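Reviewing the structure listed below.
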Amino acid sequence: MIFGWCALDGRTGHGAGRTLLAELYRRETGKALPPIVKNEWGKPFFADSPWHFSISHTRKHAFCVLDRENIAIDAEELDRRVDLRLAERILSPGERAQLDAAPDKSRAILTFWVLKEAAAKLSGEGLRGFPNHTDFSLDDSRVQEIDGCLVAVLQEGETYAV
């Protein structure tokens with residue numbers, strides 16, 4: 000897996016993400032970025048390349064992953080205000096129990112959210128069937144804190160309860 004991130008520095012999240020993707024792709028393959036198309040649910044992919052990618056951006060950063068296998072990334076800023084009522088709509092019963100026991104409820108919801116968003120991106124179908132049909136752990140090692148953001152990266156073949 001090839002991972003990169005950058006500050007937006009006045010660029011849009013989309014623009015910074017695409018620039019970052021092009022840099023990672025060129026660094027790894029020595030080639031220019033191939034054409035990007037979207038599947039029927041809107042998931043972008045390379046039309047003529049065996050590489051898979053995913054991009055996420057916040058107000059301040061863009062994040063990108065590139066891999067030979069299906070991969071997905073999602074990021075949220077830790078200072079994002081979270082309505083705790085969101086938990087009722089997005090959490091499974093097991094996740095809700097973890098939230099209830101968590102000392103930092105806002106961080107807990109953001110942790111679950113980045114995992115669920117990454118899982119939805121990985122499926123290629125977006126939020127259809129998500130987000131409350133997964134069962135993640137707050138201790139999931141696929142979530143990292145990077146420069147004030149929580150970032151989740153999921154790869155094809157990894158397990159999560161559905």
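If you're matching positions, the sequence shown starts at 0 in numbering that gives the first Met the number 0 and goes up one per residue. A virtual CB, placed ideally from N, CA and C, is assigned to each residue, including glycine. Bear in mind that the values here come from a model prediction, so they are computed numbers and not experimental data.
Please go through the same chain and pick out, in chain order, the residues whose beta-carbon is closer than 8 angstroms to the beta-carbon of ARG67, but skip the five residues on each side of it. So the list reads PRO49, TRP50, HIS51, once near-sequence residues are dropped.
In three-state DSSP terms, what is GLY3? Of the three classes helix, strand and coil, the one that applies to GLY3 here is strand, per DSSP.
What does DSSP give as the partner residue(s) for SER53 in the beta ladder? Bridge partners of SER53 according to DSSP: VAL64.
Where GLU75 sits in the DSSP three-state scheme: Strand, per DSSP.
Do three or more CB pairs link the segment 137 to 144 to the segment 109 to 119 at distances below 8 angstroms? Using a Cβ-Cβ distance cut-off of 8 angstroms, the segment 137 to 144 and the segment 109 to 119 are in contact, since at least three pairs of beta carbons, one from each stretch, lie closer than that value.
Here's the rule I'm using: 16 or more other beta-carbon atoms within 10 Å means buried, otherwise exposed. How should HIS132 be labelled? Exposed.
If you check the beta carbons only, do LEU77 and LEU149 fall under 8 angstroms apart? With contacts defined by Cβ atoms closer than 8 angstroms, LEU77 and LEU149 form a contacting pair.
Express the C-alpha separation of ALA61 and LEU19 in angstroms, rounding to a whole number. Cα to Cα, the separation comes out at about 8 angstroms.
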